[in-house]
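Chains as they are written, first to last, in this note's numbering: chain U, 1 to 152; chain X, 1 to 152; chain D, 1 to 85; chain H, 1 to 85. Heads up, the beta-carbon is just placed ideally off N, CA and C, and yes, glycines get one too.
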Amino acid sequence: MSADFHIRVDTADIDIGGELARLEALGGGGVASFTGVVRGGGGLTALELEHHPGITLAMMTSIAEQAAARWPLLGVTAIHRHGRLVPGDRIVLVAAASPHRAAALEATAFLIDWLKTRAPFWKKEHFADGASHWVEARAADDEAAARWSMKG
Amino acid sequence: MSADFHIRVDTADIDIGGELARLEALGGGGVASFTGVVRGGGGLTALELEHHPGITLAMMTSIAEQAAARWPLLGVTAIHRHGRLVPGDRIVLVAAASPHRAAALEATAFLIDWLKTRAPFWKKEHFADGASHWVEARAADDEAAARWSMKG
Amino acid sequence: MPIDILYFAGIREAIGLSAETVTPPPEVGTIADLVGWLASRGAGHAEAFADRARVRAAIGSDFADPDTPIVGAREIALFPPVTGG
Amino acid sequence: MPIDILYFAGIREAIGLSAETVTPPPEVGTIADLVGWLASRGAGHAEAFADRARVRAAIGSDFADPDTPIVGAREIALFPPVTGG
């Protein structure tokens with residue numbers, strides 16, 4: 001099964017309905033997705049995402065290819081935003097189309113675990129009191145991504 | 001965590017973008033979804049879905065409540081269409097919002113397994129040569145749904 | 001006491017009705033009794049219930065086994081195994 | 001041979017540059033050597049690389065370990081551990 005990849009990193013908002021409609025149109029019968037949204041709370045006013053433009057797309061494409069090698073997928077979409085985002089903004093969409101619902105859902109879980117933990121992004125949090133700091137890598141996220149490399 | 005339920009069975013198309021935006025707005029940070037689309041092939045021209053109007057919504061609501069009891073969810077959406085559908089039409093959407101991406105994805109898998117196997121629908125397939133038949137219950141699907149009742 | 005019977009899918013098609021109101025005799029005590037009694041009402045009914053192992057039932061909005069008593073039921077649905085969505 | 005060095009996140013901020021082109025001396029053979037050499041270029045650089053355990057690198061589009069040779073590299077990125085998206 002050769003998969004249709006749609007991988008993008010940009011500053012624009014993500015058109016969830018349009019992106020999922022593209023995957024539906026592949027005819028597999030099932031499309032799973034995960035959308036991440038910037039959470040507020042704790043006085044957070046903005047999130048600033050930085051990435052390495054030279055390697056992000058290459059790595060995202062590689063992980064999408066790994067997903068397509070592991071599960072029978074007709075299409076994979078992975079879109080990540082960078083730049084300044086505020087609570088409520090979409091930050092990431094991953095989605096997969098497959099004739100098998102478990103495959104679509106597991107591939108989506110695999111992709112989002114990788115994106116949330118391994119993708120080459122750095123996040124700076126800005127708070128209402130003027131403070132800001134770079135988010136540290138979290139061990140729990142690394143473990144979630146590590147589960148996948150232990151499988152198959 | 002009290003969850004926002006949005007459960008519907010009707011003949012209208014499903015506005016995926018709008019439905020997911022409602023779950024995003026709950027502020028959990030993550031929204032997982034699964035969309036089922038009528039597959040063509042084998043000369044299939046239409047699918048006719050019949051349901052028991054008196055019990056479908058009650059059962060869908062009950063399964064959504066089970067999901068919300070098992071995972072920390074802010075919202076659950078389950079929309080199923082009935083009536084006459086053609087290949088390419090959306091047939092079902094399930095989605096869940098949660099602060100935890102694994103919870104959102106697992107709840108979505110639980111809901112779609114139930115909907116695809118246990119929900120009180122009957123499907124009649126119509127073919128290009130004029131033939132039509134009622135789809136038989138599939139053992140593989142029952143097993144997928146049974147996995148969940150063995151857990152927790 | 002009259003009971004509304006709802007038919008779905010292949011059972012509905014074989015009988016040619018989506019619903020009918022019946023008043024079974026007092027010895028019809030369970031879902032299985034009801035199906036047996038309905039099967040005698042005509043050729044379509046007999047065909048619809050020929051394979052008893054493939055008949056499922058709900059009383060009101062609850063699924064019911066063949067040995068579930070029907071006493072007091074106002075609405076009973078009879079249908080093939082559900083195939084899901 | 002000049003190398004383009006890219007800095008990201010806190011390392012970029014400490015140095016005050018997102019990129020610079022440098023020509024390290026021949027004894028700078030690995031990523032670790034390069035970081036040590038860069039750290040001596042100024043106060044910002046020293047601060048950026050004070051905690052070596054938190055410096056990550058990529059040569060071109062490939063992540064690189066501290067002992068990865070940099071011979072032939074045209075572009076090297078230095079950054080804190082990625083936090084994911």
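| task | Return yes when the C-beta of aspartate 67(H) is under 6 Å from any heavy atom of the ligand HEM, and no when it is not. | result | No copy of the ligand HEM occurs in the structure displayed, which carries no ligand at all.
| task | Report yes or no: is there a C-beta of chain D within less than 7 Å of the C-beta of glycine 17(X)? | result | no
| request: List the residues of chain U whose Cβ lies closer than 7 Å to the Cβ of alanine 58(H), in chain order. | output: The answer, in chain order, is His52, Ile55.
| task | Name the one or two DSSP bridge partners that arginine 84(X) has. | result | Paired residue(s): Glu48(X).
| query | Of all the residues that make up the stretch 2-30 of chain H, which are near chain U by a beta-carbon distance shorter than 9 Å? | reply | Leu6, Phe8, Ala9, Gly10, Arg12, Glu13
| message | Across the stretch 70-89 of chain X and the stretch 41-59 of chain X, are there enough close Cβ pairs to call them in contact, namely three or more that are closer than 8 Å? | response | yes
| query | If you drop the 5 nearest sequence neighbours on each side, which residues of the same chain put their C-beta closer than 8 Å to that of threonine 35(U)? | reply | Ile14, Ile16, Arg90, Val92, Leu93
| request: Return the residue from the list Ala109(X), Ala21(X), Ala128(X), Ala12(X) that minimises the CA-CA distance to glutamine 66(X). | output: Ala109(X)
| request: Flag this pair as yes or no: are the beta carbons of proline 81(H) and alanine 137(U) separated by less than 7 Å? | output: yes
| Extent of the continuous alpha helix (DSSP H) to which serine 98(X) belongs | Segment 90-98 is the beta strand (DSSP E) holding serine 98(X); no alpha helix (DSSP H) there.
| request: With a 10 Å radius around its C-beta and 16 neighbouring C-beta atoms as the bar for buried, classify glycine 153(X) as buried or exposed. | output: Residue 153(X) falls outside the range modelled here, since chain X spans only 1 to 152, and no answer is possible.
| field | Where glycine 152(X) falls, given that 16 or more other Cβ within 10 Å makes a residue buried | value | Bear in mind that a pLDDT of 32 at glycine 152(X), under 50, signals an unreliable position, so the model cannot answer this.
| Coarse secondary structure for threonine 108(U), derived from DSSP in three states | helix
| What residue does the alpha helix (DSSP H) around threonine 68(D) start on, and which one ends it? | Element bounds for threonine 68(D): n/a, residue is neither H nor E.
| query | Name the chain X residues that come within less than 7 Å of alanine 61(D), Cβ to Cβ? | reply | For the sequence presented, residue 61(D) should be read as serine rather than alanine. What serine 61(D) touches in chain X, judged by beta-carbon distance under 7 Å, is Gly54, Ile55, Ala58, going in chain order.
| query | Leaving out the 5 sequence neighbours to the left and right, which residues in its chain are closer than 7 Å to tryptophan 122(U) when beta-carbon positions are compared? | reply | Glu50, Trp134
| message | Tell me the rounded alpha-carbon separation between alanine 57(H) and alanine 102(X). | response | 30 Å
| Span separating the alpha-carbon of tryptophan 37(D) from that of valine 55(D) | 14 Å
| query | Which residues in the same chain as glutamate 227(X) place their Cβ atom closer than 6 Å to its Cβ, once the five residues preceding and following it in sequence are excluded? | reply | As shown, chain X starts at 1 and ends at 152. That puts residue 227(X) outside it, with no answer to give.
| said: Can you check which of these residues, Ala32(H), Thr68(H), Thr83(H), Ala14(H), is closest to alanine 53(H) by C-alpha distance? | reply: The shortest Cα separation from alanine 53(H) among Ala32(H), Thr68(H), Thr83(H), Ala14(H) belongs to Ala32(H).
| task | Anything in chain H within Cβ reach of arginine 118(U), meaning under 9 Å, just list it in chain order. | result | Val82, Gly84
| request: Keeping to the same chain, check which residues put their C-beta closer than 8 Å to that of threonine 61(U); ignore five residues upstream and five downstream. | output: Phe5, Ile7
| With 7 Å set as the bound, which would you pick, yes or no: does the beta-carbon of alanine 77(H) sit closer than that to a beta-carbon of chain B? | As a matter of chain content, chain B is missing from the structure shown, whose protein chains are U, X, D and H.
| message | Quick check on methionine 33(D): does DSSP put it in helix, strand or coil? | response | The displayed chain sequence assigns aspartate, not methionine, to residue 33(D). Aspartate 33(D) falls in the helix class under three-state DSSP.
| said: Spatial neighbours of arginine 81(X) within its chain, please: C-beta separation below 8 Å, excluding the five flanking residues on both sides. | reply: Val9, Asp10, Thr11, Ala12, Asp13, Ile14, Leu49, Asp89, Arg90, Ile91, Val92
| request: Output the distance between the C-alpha atoms of aspartate 129(X) and threonine 45(X), rounded to the nearest integer angstrom. | output: 9 Å
| field | Where threonine 35(U) falls: helix, strand or coil (DSSP) | value | Note: threonine 35(U) maps to strand in three-state DSSP.
| task | Throw me the rounded Cβ distance for the phenylalanine 63(H) and isoleucine 11(H) pair, which I believe falls under 8 Å. | result | Not confirmed; about 15 Å, so no contact.
| task | Return the Cβ separation of valine 76(X) and alanine 58(X) in integer angstroms, given the expectation that the two are a contact with Cβ distance under 8 Å. | result | At roughly 15 Å, the Cβ-Cβ gap does not stay under 8 Å, so valine 76(X) and alanine 58(X) are not in contact.
| Proximal residues of chain U, C-beta to C-beta of glutamate 125(X) below 7 Å | Chain U residues near glutamate 125(X): none, gap ~14 Å exceeds 7 Å.
| Buried versus exposed call for glutamate 27(D) [16 or more other C-beta atoms within 10 Å across all chains shown] | exposed
| In whole angstroms, what is the alpha-carbon distance linking glycine 27(U) and histidine 126(X)? | 18 Å
| query | When DSSP labels each residue in this structure, what does serine 132(U) get in the three-state scheme? | reply | strand
| Span separating the alpha-carbon of leucine 115(U) from that of alanine 25(X) | 22 Å
| field | Chain-ordered residues of the stretch 94-110 of chain X with a beta carbon less than 9 Å from chain D | value | none
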